[in-house]
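>
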Amino acid sequence: MANIVAIIPAYNEEEELANVIATTLKYVDKVIVVDDGSVDKTAEVAIEAGAELISHSTNLGKGEALKSGFKAIKDDSIIVTIDGDGQHNPDEIPILIKPIIEDGADLVNGSRYMNGPEENTPAYRRVGQKVLDIATNVSAGISITDSQSGFRAFSSKSKDCFRFKGTGFGIESEMLVDAAESGLKIVEVPITVRYDVDGSTKDPITHGVGVLFNIAKDKIIRTFKK
Numbered sequence: 051m052a053n054i055v056a057i058i059p060a061y062n063e064e065e066e067l068a069n070v071i072a073t074t075l076k077y078v079d080k081v082i083v084v085d086d087g088s089v090d091k092t093a094e095v096a097i098e099a100g101a102e103l104i105s106h107s108t109n110l111g112k113g114e115a116l117k118s119g120f121k122a123i124k125d126d127s128i129i130v131t132i133d134g135d136g137q138h139n140p141d142e143i144p145i146l147i148k149p150i151i152e153d154g155a156d157l158v159n160g161s162r163y164m165n166g167p168e169e170n171t172p173a174y175r176r177v178g179q180k181v182l183d184i185a186t187n188v189s190a191g192i193s194i195t196d197s198q199s200g201f202r203a204f205s206s207k208s209k210d211c212f213r214f215k216g217t218g219f220g221i222e223s224e225m226l227v228d229a230a231e232s233g234l235k236i237v238e239v240p241i242t243v244r245y246d247v248d249g250s251t252k253d254p255i256t257h258g259v260g261v262l263f264n265i266a267k268d269k270i271i272r273t274f275k276k
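The structure is reproduced here in structure tokens:
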């Protein structure tokens, strides 16, 4: 079986990062932490927990962190992306990679909503996420229930199809669009999520509007290029 590499984009995640790395290492061959200009001890925690470290001198955004992580993988490994704040459960990694191992998918999207509404999601967030799901699905021509999920698995075949044009707002949607346009097979699997450790510093309304704007702008640009 191919090696499995996990990429954790991290910005000021010293509190939960060690636990995330330790549990993730049970299921993967290597963990790469991309420290995106953190001002806390994220880098030190990552190294002590056994991860390979890539450091950005300043905060460039999640898109740039993922770009650095993907670029560092030179072989045909299966790639897993997982957040460093403890929201995702690394014990669910086998669920994510199974469709790829069985040659049934190129991108596996971990969905909080595949089996219906997630009861712990604040109502205002879910309404916004639903709008972004619709916009992403229309733009990409797919049917995804959780377009903003950061917990995903990728086949080695998919690695070079991503533009990583968006630095922050909308990178999750952009990657789905890129995968769809490349003709890759996208499937979803159900995952769980914790909201008591949500370390996001972004206002959800501002973030949602920014993502929606970027989805629309990207769709217009791609349409005119055709």
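Residue numbers (our numbering): 51 to 276.
We put the beta carbon where it would ideally sit given N, CA and C, even for glycine.
Just so you know, these numbers come straight off a predicted model, no measurement behind them.
State yes or no: is the C-beta of ALA60 within less than 9 Å of the C-beta of ASP85?
The answer is yes: Cβ separation under 9 Å.
> Under 8 Å by Cβ, that's how I've got VAL130 and ALA101 pegged, so tell me the actual separation to the nearest angstrom.
That pair is no contact at about 13 Å.
> Measure the C-alpha to C-alpha separation of GLY220 and GLN198 and round it to an integer number of angstroms.
Spanning the two alpha carbons is a distance of roughly 8 Å.
> Do the region 230 to 239 and the region 145 to 156 meet, that is, are 3 or more Cβ pairs less than 8 Å apart?
Touching, per the Cβ criterion.
> Give the DSSP-derived three-state secondary structure of ARG202 in the structure shown.
Reduced to three states, the DSSP call for ARG202 is strand.
> Buried or exposed: which applies to ASP246, given that a residue is buried once 16 or more other Cβ atoms fall within 10 Å of its Cβ?
So ASP246 counts as exposed.
> DSSP state of ASP86, grouped into three classes?
Correct three-state label for ASP86: strand.
> For HIS106, which residues does DSSP report across the bridge?
ASP86, per the DSSP bridge assignment.
> Of the choices ASP183, ILE241, SER107 and PHE212, whose alpha-carbon is the least far from that of PHE120?
Here the closest residue by C-alpha is PHE212.
> Tell me, which residues are paired with GLU238 by DSSP?
The partner list for GLU238 (beta bridge, DSSP) reads ASN159.
> To the nearest angstrom, how far is the alpha carbon of GLU98 from that of GLY191?
Distance between the alpha carbons of GLU98 and GLY191: 43 Å.
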